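**Q**
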Amino acid sequence: MNKEIKYNEMYPKGCRTTALEAGVAAPDFSLRSTPDQSVKLSEFRGRPVILAFYPADWSPVCGDQMSLYNEMLGEFQEFDAELIGISVDGAWCHAAFSKERKLHFPLLADFEPKGAVAQSYGVYRRGDGVSERALFVIHPEGNVHWSYVSPVGVNPGAAGILSALETLQSKEAAK
Amino acid sequence: MKTAIPSNIPNSKFTLPAPGRDHIQGPIDAPMALVEYGDYECPFCGEAHPIIRAIQERLGDSLCFAFRNFPLANMHPHAPHAAEAAEAAGTQGRFWEMHDKLFENQDALEDANLAEYAAALGLDARRVLAEVLDGTHGPRVREDFKSGVRGGVNGTPSFFINGARYDGGHGLDPLLAAITQQSGARFAH
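Keeping their order, the protein sequence lines are chains D and P. Count along the first sequence from 1, add 561, and you get the number used in this note's numbering. Count along the second sequence from 1, add 2, and you get the number used in this note's numbering.
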């Protein structure tokens, strides 16, 4: 029943670097979203982007987290924000997972070199071979606006994301 | 006046049960407040249902329980109408009876079933069905959903004990222990 304990057993190393913090430039990347399509972060310049790094497709908490965000797309759209999920799983795996959970947002494959994008954001668990469960809200101009790393077995929900989108919006409005 | 204990969720805007707004069982000024965000088609919520009932029985008037709708429409296509049917029953004064019926019949939540349950409870079933089909209570259900998103709901069911999200197991013992622990010094009137 306690999924958090299972996660901690499965990913025990947790050798984490420090997640990029607010203010620094978000490293650009281009990753496959499906076997024949790629997504580049800078394509979304001008809109806020939510990057949700998660350890793996199919595992229970991730499933909950991605399925949960899938239900909340309307809330994110109110801020004109694009949601992107990222894990080290391959594009075929993402395609199957996405189809089964009926996800309406892209899952990117940080597959080769493995975890390179997670590393560039400071959220790769080297010994475990997966990324942290980490959230970033990227400013429309390309800087990190907010970041948060959750314990690997705990689904962080979306309250933090929405608060970050709200502060971003009020900052922009004040300009 | 209740004060929420500091939230364990980043930037959470959780709101405590409010009379007139929420469906509440137990005294509003009870020392323990349990809020569930749930989905009538979610099997885990179904499993939690008798456990909540048992906890209510044990704690009696020391517990205030509120239920808010959090239908996961992509995963559970019948959940939104089920939630609206409970709200429709609520306008006829029978929210909790409908709530119980829905959780006891999670595998039969077609619109016709909803009308059948309303009739079995002695409600105006045609009115319940018409309100469901017209989406009369859709805004209310969405309001619950949005409050859950902002409050830190991270799946169904999500429980909040005196304002703090509970991330432990959903069995009777751990949930009961967490509720009684939270009722002590950390709770201010």
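Note that the Cβ used here is the ideal one computed from N, Cα and C, for glycine as well. The structure presented is a predicted model; accordingly, all values stated were derived computationally and were not measured.
Measure how close the beta-carbons of Ile-53 of chain P and Gly-173 of chain P come, nearest whole angstrom, since I'm counting them as under 8 Å.
**A** Reading the second sequence from its first residue, position 51 is the one you call residue 53 of chain P. Reading the second sequence from its first residue, position 171 is the one you call residue 173 of chain P. Indeed they touch by this definition, with Cβ atoms about 7 Å apart.
**Q** Would you report the Cα separation of Ala-587 of chain D and Lys-675 of chain D, rounded to the nearest angstrom?
**A** Looking up residue 587 of chain D in the first sequence gives position 26. Looking up residue 675 of chain D in the first sequence gives position 114. Spanning the two alpha carbons is a distance of roughly 19 Å.
**Q** Thinking C-alpha only, which one of D:Ala-725, D:Glu-570, D:Leu-664 is nearest Trp-619 of chain D?
**A** Counting from one through the first sequence, the residue named residue 619 of chain D turns up at place 58. Nearest option by C-alpha distance: D:Leu-664.
**Q** Name the residue from P:Asp-109, P:Ala-122, P:Pro-79, P:Ala-114 whose alpha carbon lies nearest to the alpha carbon of Met-100 of chain P.
**A** Position 98 of the second sequence holds residue 100 of chain P. Nearest C-alpha to Met-100 of chain P: P:Ala-122.
**Q** Does DSSP put Met-562 of chain D in a helix, in a strand, or in coil?
**A** As a first step, residue 562 of chain D is located in the first sequence; it is residue number 1 there, counting from the start. Per-residue confidence for Met-562 of chain D stands at a pLDDT of 41, beneath the threshold of 50, marking its modelled position as unreliable; no derived number is given.
**Q** Using the DSSP secondary-structure output, state which residues sit across from Phe-697 of chain D in a beta bridge.
**A** Taking the first sequence and counting its residues from 1, one reaches residue 697 of chain D at position 136. DSSP, once it has assigned bridges, lists D:Leu-612, D:Ser-708 as partnering Phe-697 of chain D.
**Q** Examine chain D for any beta-carbon lying closer than 9 Å to the beta-carbon of Ala-75 of chain P, and answer yes or no.
**A** Within the second sequence, the letter at position 73 stands for residue 75 of chain P. Yes, because at least one Cβ of chain D sits closer than 9 Å to the Cβ of Ala-75 of chain P.
**Q** Which partner residues does Ala-586 of chain D have in the DSSP bridge list?
**A** Residue mapping note: residue 586 of chain D aligns to position 25 of the first sequence, counting from 1. Paired residues: D:Asn-704.
**Q** Suppose the cutoff is 6 Å on Cβ atoms and the five residues either side in sequence are ignored; what does the same chain contact list for Arg-593 of chain D look like?
**A** The residue labelled residue 593 of chain D in the question sits at position 32 within the first sequence. Closer than 6 Å at the Cβ level, and outside the excluded window around Arg-593 of chain D, lie Ser-599, Ala-652, Ala-670.
**Q** The beta strand (DSSP E) spanning Gly-40 of chain P covers which residue range?
**A** Position 38 of the second sequence, counted from the first residue, corresponds to residue 40 of chain P. Under the DSSP assignment, Gly-40 of chain P falls in the beta strand (DSSP E) whose first and last residues are 34-40.
**Q** Identify the continuous alpha helix (DSSP H) that holds Lys-601 of chain D and give its terminal residues.
**A** The residue you call residue 601 of chain D lines up with position 40 of the first sequence. Run containing Lys-601 of chain D: none in the alpha helix (DSSP H); it sits in the beta strand (DSSP E), 598-601.
**Q** Please decide whether Glu-636 of chain D counts as near chain P, where near means a Cβ-Cβ distance under 9 Å.
**A** As a first step, residue 636 of chain D is located in the first sequence; it is residue number 75 there, counting from the start. Taking Cβ atoms only, chain P reaches closer than 9 Å to Glu-636 of chain D, which makes this a yes.
**Q** With 9 Å as the threshold, decide whether the Cβ of Gly-140 of chain P is near any Cβ in chain D.
**A** Within the second sequence, residue 140 of chain P is the residue found at index 138, counting from 1. Chain D, which has no Cβ nearer than 9 Å to the Cβ of Gly-140 of chain P, makes this no.
**Q** Cβ of Leu-592 of chain D less than 9 Å from any chain P Cβ?
**A** Position 31 of the first sequence, counting from 1, holds the residue named residue 592 of chain D. When Cβ-Cβ separations below 9 Å define contact, Leu-592 of chain D makes no contact with chain P.
**Q** Counting contacts by CB-CB distance shorter than 9 Å, is Ala-580 of chain D in contact with chain P?
**A** Mapped onto the first sequence, residue 580 of chain D falls at position 19. It does not; no Cβ of chain P falls within 9 Å.
**Q** Could you tell me which of P:Pro-45, P:Ala-180, P:Gly-150 sits nearest to Met-633 of chain D, measuring between CA atoms?
**A** Residue 633 of chain D sits at position 72 when you count from the first residue of the first sequence. Minimum Cα distance to Met-633 of chain D is reached at P:Gly-150.
**Q** May I ask you to verify whether the region 126-145 of chain P touches the region 54-63 of chain P, counting CB pairs closer than 8 Å and requiring at least 3?
**A** Taking a contact to require three or more Cβ pairs closer than 8 Å, the region 126-145 of chain P and the region 54-63 of chain P do not qualify as touching.
**Q** Are three or more beta carbon pairs between the region 102-111 of chain P and the region 60-75 of chain P nearer than 8 Å?
**A** no
**Q** Exposed or buried, which one is Gly-22 of chain P when buried takes at least 16 other CB atoms within 10 Å?
**A** Taking the second sequence and counting its residues from 1, the one referred to as residue 22 of chain P is at position 20. That one is exposed.
**Q** Along chain D, which residues have their Cβ under 7 Å away from the Cβ of Ser-14 of chain P?
**A** Your numbering for residue 14 of chain P matches position 12 in the second sequence. Chain order gives the chain D residues near Ser-14 of chain P as Ala-720, where near means a beta carbon separation below 7 Å.
**Q** With 9 Å as the threshold, decide whether the Cβ of Leu-729 of chain D is near any Cβ in chain P.
**A** The count along the first sequence starts at 1 and reaches residue 729 of chain D at position 168. For Leu-729 of chain D, the answer is no, since every Cβ of chain P falls outside 9 Å of its Cβ.
**Q** Pick from P:Leu-18, P:Ala-114, P:Asn-76: whose alpha carbon is nearest that of Lys-660 of chain D?
**A** Indexing the first sequence from 1 puts residue 660 of chain D at position 99. Of the listed residues, the one whose Cα sits closest to Lys-660 of chain D is P:Asn-76.
**Q** At 8 Å on the CB atoms, spell out the chain D contacts of Val-151 of chain P, in chain order.
**A** Taking the first residue of the second sequence as position 1, residue 151 of chain P is located at position 149. The contacting residues are Met-633, Glu-636, Gly-718, Ala-719, Ala-720, Leu-723.
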